[in-house]
Each structure stands twice: as C-alpha cells, then as structure tokens.
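Novice:
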Amino acid sequence: MEKEKFYITTPIYYPSDKLHIGHSYCTVAADAMARYKRLRGYDVMFLTGTDEHGQKIERIATSQGVTPKEYVDKVVCGIKDLWQSLDISYDKFIRTTDDYHVKAVQKIFKALYDKGDIYKSEYEGWYCTPCETFFTEHQLVDGKCPDCGREVEKVKEESYFFRLSKYQDALIKHIEEHPGFISPQSRQTEMISNFLKPGLEDLCVSRTSFSWGIPVEFDPGHIVYVWVDALSNYITALGYGSDDDSLYQKYWPADIHLVGKEIVRFHTIIWPAMLMALDLPLPKQVFGHGWLIIDGGKMSKSKGNVVDPKVLVERYGLDAIRYFLLREVAFGQDGNFTNESLIQRINSDLANDLGNLVSRTVGMIEKYFGGTLPYDQEGTEFDLDLIKTASATVEKFEGYMDKMLFSDALSELWVLIRRTNKYIDETQPWVLCKDEANQAKLAGVLYNIAESIRIISILLQPFMTKAPGLIWQQLNITDERLTAWDSTKQWGLLARDFTAAKGESLFPRIDMKKELEELDAALKAAQAESIANQMAKKEDEATETVPQITIDDFAKVQLLTGEVIASEAVKGSKKLLKNTIQVGNETRIILSGIAKYYTPEEMVGKKVVIVANLAPRKMMGEVSHGMILCAEDADGNLSLVTDDKGVASGSEVR
Ligand code: MSP
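Okay, so the sequence shown: first residue is 89 according to the numbering used here, each after it adds one.
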C-alpha cells in the first residue's frame, strides 16, 4: 500500500552566521513533527533552507567588503552545520540562490504578469530593510517599523505591483471555510481583524534601487521583491516550474507551513493570494508559533541577547536541549528562556524522572538477577494500573502530537514515566528481594518496569535522537518489531527472560549554582567570540549604539599574556591554527581563525593576549581553551594584540 504523504516546511532563514536558540526552536519543532510522522508510517518531505536575497543581505555583505554571494556561501555552511548538530532530519535544503529556484521564480513572476495580476506603477512609501517589508505612513508606529521598531527608509521608485486587493474576499472565504488553515485560532482572528477586514492594498513586488535579487526576466532593471522570491521556495523546492515537477505533484499542497508569529501575515495573505493567482492549491495549514523570549523581549542579534544553541548542546547534549525547547513552552505561545529553567528541567524531568528510572531498573535487574530475568514471573495488584496508564498515554500522546501540542504530548509522556517510578515505590523490589519466595513476583515487577520503559523510549523518538537508542542498548532490544511505533499499543512484547546491562547515565544531574555561573560565562563568551557579533554590529551601526558594560562585567573576562611556543594548521580547516601557548607555568591549546593572516612559523614566539576563562570549545575535532585577541579593521586587515615590552607570561591584562 502506498504511504500517505506529509509535507512540512520551516521558514527559510535569513543567512546569518549566528542563528540563535529562537531560530532553532522552529526547526526543532518541525523536526519533531517530521520524525513523528515518519514513525507513524507517512512518506515525509521536510523542507528547510535559506532566504538569501534582498537589500539587508546586500548591505551586510558590502559592510564586510565581500560580494553578497560570497557572504551567503560562507554563512550557509554554518547554518547547515547547526542543523546537523541539532540532528535536524530535513529531506531538502533550498537556497534561494539555487539556479532552479531563480528560474522558477522568474516563471512565476511572468505567469502572474501575463495573467494581469502584476502591473507596473510607481511605489512611494516606507521600507523596513531588516524586515524586508513595505509600510504605508499610517502603519508606522512613531515613525518606525511597527514590527521591529527600527528606522524605516523612504522609498520612491518604479515598481511592479501584485493585485493583492483582488484576492481579499476569496482569502476571507477560504479562511472561514477552512477553520484549521490558520492555527492557532488566535492568529486567524488577528489576520482577519487586523489585515483582511480593514482592506488589502496591492503589493509592491519589485525593486530597482539595489541589485541583489532575482531579476524580472522581461524587465531586468527590476528585481523580484524578496518575499515573493522567498515564499515561492515552498513549491520551487519540489521542482515546480522546472522540467521535473514529480515531487511537486506528489507532495503539494503542504500539510504544514510552520512559521513564527511575526511572519504569519506573509504566509496567510500574500502566499495564498499568489497561489490563487497561479491557480494552485493552498497549503492545508499555516501554524504560527510564539517566540522564545529572554528578559521579556524577543531574542535578537541586534539586542545582543541571543543564546547560542551550540553552547547548550555542547554542555547538556542534544536531547536535553531539544526536550527543553518543546517542553517548556506551550507551542503557539511565547515562552521565556532562562538558564535556571533549563537546568531545572534537566535535573527534574531528565535526570530524576527519566534517567533515574532507566538506571535503577537496569541496576536492579543486574543486582537481583545477574542481568537476565528468570522466565518464571508473577503479577502484582499494581500491574493493571500501570498497563492502563501506558495505553492511555500512547493514545493521548498521539492526539496531542497530531495537533502539534508538543508540550502537552511530553507532559503526558511524563505521566507514564512518573507512574512507572511510582510503581517501583508501590511494589518495593528492595523488600521483595529479601524473600526467596518472592523471586517470581520480583521478576514480574522488573519486567513490567522494563516494558513501560520500552514504550516510553519509542514515544521519546520525535524529541530525542540519542536517548532511545541508548535505552535499547541497556535493555538489549535489537528486534525492530519491539521499537516500531505500533508496538507501543501492545503490552508484553519484551522477551520475558531478556538481559539488561547498565550503560552510561543518560542525563547526569547538574549542580545548579555552579553551573549557572559557568553557563552564563560560556554564553557570554560565545557571543563575544562570534564573528556574527561583529557582523551584527556593523549591520546595526546606523541605528544602534554599542551597549555599555559595567566594570563588573569587564572583570568577568580574564585576560592574560602568553607566548606562542608552537603552532600548526588544523587538518581539514583553511582558517584555523592550533597554537600551543605558554601562560605562566601552564601550557594550553588555543585554536584561532587566523590562518589567512599568519603562518604557523610566524606565530611561534609571538607574545599574545588571551581570554583565559573562555569555556572550552570544540572545533574541527580539536578543543580550544581560550581565545587569542586580534584587532581587525574595516578593510579586513587583522593584527595580533601583543605585549610590546615582554612582561612575564601569565600576567593579567586590565
Ligand atoms: N526569511 C524570512 C522567512 C521567509 S519564509 C518564506 C525570515 N527569516 S528569519 O531568519 O528572520 O526568521 C526565521 C524564523 O525564525 C521565523 O519563523 C521567526 O519567527 C523565527 N524566530 C526568530 N527569532 C525567534 C525567537 N526568538 N523565537 C522563536 N522563533 C523565532 O523571517
């Protein structure tokens, strides 16, 4: 039988070499859904990618003295690398600079023009470059962008317009007739009352004042408005407008476009109107999730409050971060990110509830039965309730997942985890083990716990990509029939006399107080270190000033002098040098992205300044213990910060 298809997309991201945990949130959510659907037997297409054109990118590239293409090529690798470190199982990654996309967008634009839905006129109004959005005078708030609050620019240029207004009634009708089309419901209300009912104006869909974009084929002085270019990715990625559109035929319409709440408008008004104009079916659902906020505001590079997902993954592991993102915040609403809540969740839900359940169960099987349960087993009066809870959990879990209520699904799964822990307390294996006559009962109890863990491990899979396999190793489960999704609906599939062997602790407990200090320093260090920060600074220089820090903030950074005693290129990297630095009595390895500017020979003997208390960081398989300070000018010239009089190495720099 042919599998049912399921097509899910994330937004395509603006290329920045610092995607933060807020961006990861959307992608992790889409990944959890894609994994869940695959586990349930669907033929899944999961699309993500990068939105590489537009004035914003052109300006960042210019400020860095590179071409836009050079800039995006450099940054996209980092984005793919981040998705890899978060185990994002996308099936296709589209770049809007891909040739097939460019050609298909030109065809789409031409088709709309030929139909009379695109016409030439003149645009006069306001433009927010960071949001790549046009605004009328009355839409501005205090003369600034109503979405991001930044400065807008006056634009007056010849432009093509899309007849958006023509589709207003059809859009309202579609939304009203398809109640799930915009989810959650609150976003539907917002779209209708704030945008559709007040009336739609035709949309400016080409620009002439810069050149980084897709040229309008029949009028090359114009480039296609970046949102028209970007939204089209959802069909061009499937081959729409190319010689082979078989994927389009198979997967379109999308089942879910998952997007952040601020871009729901583009996806539920402009995009469906474009599709209507092209006579194509509309996506089944646009789900607008909330934001991860920090200190009450949206995490953003320009505010300097971004949290680097890589630092978190390095410290706590991938599963913990993926779990936290989808458990902590009710999907659809905004949720506050704090280091405390992250560590709290890891300790209570992961280390205490789940990790402990697995380790003490396997530990007891080893202790009481040498690792293999005897075939002879007996039940207890507590079994039925545990078995009933497991079956109810699976049913409710699926119900929540089908509605993308990830936090509810996880909370339901934890009902079973806690019920299983309670079952241990009720049956008291440590008492049963004392009497030889209770051996069969003890074996039955341990079997039931293990069986519950088996079911839990299967349900964990959309969220955790490592722990389920590690649990199966400990319970020695190798038969795929015991890990298939539908096997969660059958109690008693584990062989009664299975063998278990303790492995590493799944989620070690964290010392909250100590960790909070270290995590804070590590996140700040990652921010300071990132080249992205320099880029963001340049990008925002026009509108933002560098935030002031206090002397206490500065005192947190330990700067020391050191001498490079050895240096070599890092295998596989064009940028990195691996330097051995003498710092007082200690030597340490510091990786530095300066291979373009210094040879290893030139480095040896240099008296440098290092950031000594930077959390260790792994790059290209090597761990770096600090950072060497360098200065870089606007032309990209780089110079080491050195000690010109030769004070003793290990001296404090203040
Ligand atoms: N390029 C456009 C999307 C075009 S889709 C045809 C864009 N890119 S973005 O990089 O700025 O944002 C990508 C996604 O990340 C958006 O859905 C946005 O809501 C999401 N997030 C960015 N910061 C976020 C948080 N702090 N929290 C949650 N999601 C956030 O928009």
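Note that beta-carbon positions come from the ideal geometry of N, C-alpha and C, so glycine has one too. This structure is a prediction, so every number in the text was calculated from the model and none was measured.
For the beta strand (DSSP E) holding Glu246, just list the boundary residues, first then last.
Specialist: Looking up residue 246 in the sequence shown gives position 158. Unbroken beta strand (DSSP E) run through Glu246: 241 to 250.
Novice: Using 6 Å as the cut-off, classify the Cβ of Ile351 as near or not near the heavy atoms of ligand 1, replying yes or no.
Specialist: Within the sequence shown, numbered from 1, the residue matching residue 351 stands at position 263. Ile351 Cβ: within cutoff of ligand 1.
Novice: What are the start and end residues of each continuous beta strand (DSSP E) run of 3 or more residues lying completely inside the region 555 to 622, in chain order?
Specialist: Complete beta strand (DSSP E) runs here, min 3: none at all.
Novice: Relative to the C-alpha of Trp315, which residue among Pro99, Asn701, Ala614 is closest?
Specialist: In the sequence shown, counting from the first residue as 1, residue 315 sits at position 227. Closest by alpha carbon: Pro99.
Novice: Leaving out the 5 sequence neighbours to the left and right, which residues in its chain are closer than 8 Å to Val229 when beta-carbon positions are compared?
Specialist: Numbered from 1 along the sequence shown, position 141 holds the residue referred to as residue 229. Result list for Val229: Gly237, in chain order.
Novice: Indicate, with yes or no, if ligand 1 has a heavy atom lying under 6 Å from the CB of Met492.
Specialist: Residue 492 sits at position 404 when you count from the first residue of the sequence shown. No; taking the cut-off as 6 Å, the Cβ of Met492 has no heavy atom of ligand 1 nearer than that.
Novice: Go through its chain and collect everything with a Cβ distance to Val417's Cβ below 6 Å, but skip five positions before and after it.
Specialist: Start at 1 with the first residue of the sequence shown, and residue 417 comes out as number 329. Within the same chain, Val417 has close Cβ partners Gly423.
Novice: Reducing DSSP to helix, strand and coil, say where Thr730 ends up.
Specialist: In the sequence shown, counting from the first residue as 1, residue 730 sits at position 642. Residue state, collapsed to three classes: strand.
Novice: Can you list, in chain order, the residues of its chain whose CB lies under 7 Å from that of Thr571, leaving out five sequence neighbours each side?
Specialist: By 1-based counting over the sequence shown, the position of residue 571 is 483. For Thr571, where only same-chain residues beyond five positions count, the Cβ hits under 7 Å are Ile546, Trp560, Ile565.
Novice: Return the residue from the list Ile344, Lys242, Thr277 that minimises the CA-CA distance to Ala117.
Specialist: Counting from one through the sequence shown, the residue named residue 117 turns up at place 29. Checked all of Ile344, Lys242, Thr277; the closest Cα to Ala117 is Ile344.
Novice: Can you check the region 354 to 404 for any alpha helix (DSSP H) of at least 4 residues that lies completely inside it and give the ranges in chain order?
Specialist: For the region 354 to 404, whole alpha helix (DSSP H) runs of length 4 or above, ordered along the chain, are 359 to 365, 397 to 404.
Novice: From the DSSP secondary-structure annotation, give me the bridge partner or partners of Met133.
Specialist: The residue given as residue 133 occupies position 45 in the sequence shown. Answer is Tyr95.
Novice: Using a Cβ-Cβ cutoff of less than 6 Å, which residues in the same chain neighbour Gly532 once the five nearest sequence positions on both sides are dropped?
Specialist: On the sequence shown, residue 532 is found 444 positions in, with the first residue counted as 1. Around Gly532: Gln465, Glu466, Gly467.
Novice: Taking only runs that begin and end inside the region 205 to 291, name each unbroken alpha helix (DSSP H) of 4 or more residues, in chain order.
Specialist: Runs found: 256 to 265, 273 to 278.
Novice: Tell me which same chain residues have a C-beta within less than 7 Å of the C-beta of Gly681, skipping the five on either side of it?
Specialist: By 1-based counting over the sequence shown, the position of residue 681 is 593. So the list reads Lys663, Leu664, once near-sequence residues are dropped.
Novice: Relative to the C-alpha of Glu212, which candidate in Glu225, Asn701, Gly204 has its C-alpha closest?
Specialist: Counted from its first residue, the sequence shown places residue 212 at position 124. Considering only alpha carbons, the answer is Glu225.
Novice: DSSP beta-bridge partners for Pro303?
Specialist: The count along the sequence shown starts at 1 and reaches residue 303 at position 215. Looking at the DSSP assignment, Pro303 forms a beta bridge with Ile311.
Novice: Closest by CA to Tyr255, which one among Gly287, Glu239, Ser271?
Specialist: Locating residue 255 in the sequence shown gives position 167, where the first residue counts as 1. When only C-alpha atoms are compared, the closest one is Gly287.
Novice: Taking the alpha carbon of Ser384 as the point to measure from, which residue in Leu728, Ala361, Lys349, Thr426 has its own alpha carbon closest?
Specialist: The count along the sequence shown starts at 1 and reaches residue 384 at position 296. Going by the sequence as given, residue 384 is Gly instead of Ser. The candidate whose alpha carbon is nearest that of Gly384 is Thr426.
Novice: Please tell me whether, using a cut-off of 6 Å, the distance from the CB of Lys386 to the nearest non-hydrogen atom of ligand 1 is below it.
Specialist: Indexing the sequence shown from 1 puts residue 386 at position 298. Correct: Lys386 has its Cβ closer than 6 Å to ligand 1.
Novice: From the DSSP output, read off the bridge partner residues of Arg84.
Specialist: Outside the displayed span of the chain (89 to 742) sits residue 84, for which this structure offers no information.
Novice: CB-CB under 6 Å to Leu430, same chain, minus the five flanking residues each way: which ones, in chain order?
Specialist: Taking the first residue of the sequence shown as 1, we reach residue 430 at position 342. Same-chain partners within the cutoff: Phe412.
Novice: Looking at Tyr101 and ligand 1, is the gap between the Cβ and the nearest heavy atom below 6 Å?
Specialist: Translated into the one-based positions of the sequence shown, residue 101 becomes position 13. Checking the Cβ of Tyr101 against ligand 1 gives yes.
Novice: Quick one: Cα of Glu220 to Cα of Gln578, how far?
Specialist: Residue 220 sits at position 132 when you count from the first residue of the sequence shown. Residue 578 sits at position 490 when you count from the first residue of the sequence shown. Distance between the alpha carbons of Glu220 and Gln578: 52 Å.
Novice: Return the CA-CA distance between Gln670 and Ser727, expressed in angstroms with no decimal places.
Specialist: Sequence index remark: in the sequence shown, residue 670 carries index 582 (1-based). Sequence index remark: in the sequence shown, residue 727 carries index 639 (1-based). So the alpha carbons of these two residues sit roughly 20 Å apart.
Novice: Starting from the Cα of Asn321, find the closest Cα among Pro272, Glu210, Ile409, Asp187 and give me that residue.
Specialist: Locating residue 321 in the sequence shown gives position 233, where the first residue counts as 1. Ranking the options by Cα distance to Asn321, first place goes to Asp187.
Novice: Once you ignore the five residues that flank Arg183 on each side, which residues in its own chain have a CB closer than 7 Å to its CB?
Specialist: If you number the sequence shown from 1, residue 183 lands on position 95. Only Gly137, Thr138, Glu140, Val164 meet the Cβ criterion.
Novice: In three-state terms, what does DSSP make of Cys718?
Specialist: Mapped onto the sequence shown, residue 718 falls at position 630. Cys718: strand per DSSP, three-state reduction.
Novice: With H, G and I counted as helix, E and B as strand and the rest as coil, what does DSSP make of Thr155?
Specialist: In the sequence shown, counting from the first residue as 1, residue 155 sits at position 67. DSSP places Thr155 in coil when its eight states are reduced to three.
Novice: Please determine if the region 587 to 594 and the region 448 to 460 are in contact, where contact requires at least 3 C-beta pairs separated by less than 8 Å.
Specialist: Contact between the region 587 to 594 and the region 448 to 460 is present, because at least three Cβ pairs lie under 8 Å.
Novice: So what does DSSP say about Asn667, is it helix, strand or coil?
Specialist: If you number the sequence shown from 1, residue 667 lands on position 579. Correct three-state label for Asn667: strand.
Novice: Helix, strand or coil for His111, going by three-state DSSP, please let me know.
Specialist: Here residue 111 refers to the residue found at position 23 of the sequence shown. Residue state, collapsed to three classes: helix.
Novice: Which same chain residues, not among the five before or five after Lys125, have their C-beta less than 8 Å away from its C-beta?
Specialist: Counted from its first residue, the sequence shown places residue 125 at position 37. So the list reads Phe94, Ile96, Val132, once near-sequence residues are dropped.
Novice: Select from Asp574, Arg507, Leu582, Arg448 the residue whose C-alpha is nearest the C-alpha of Pro517.
Specialist: For the purposes of this step, residue 517 is taken as the residue at position 429 of the sequence shown. Closest by alpha carbon: Arg448.
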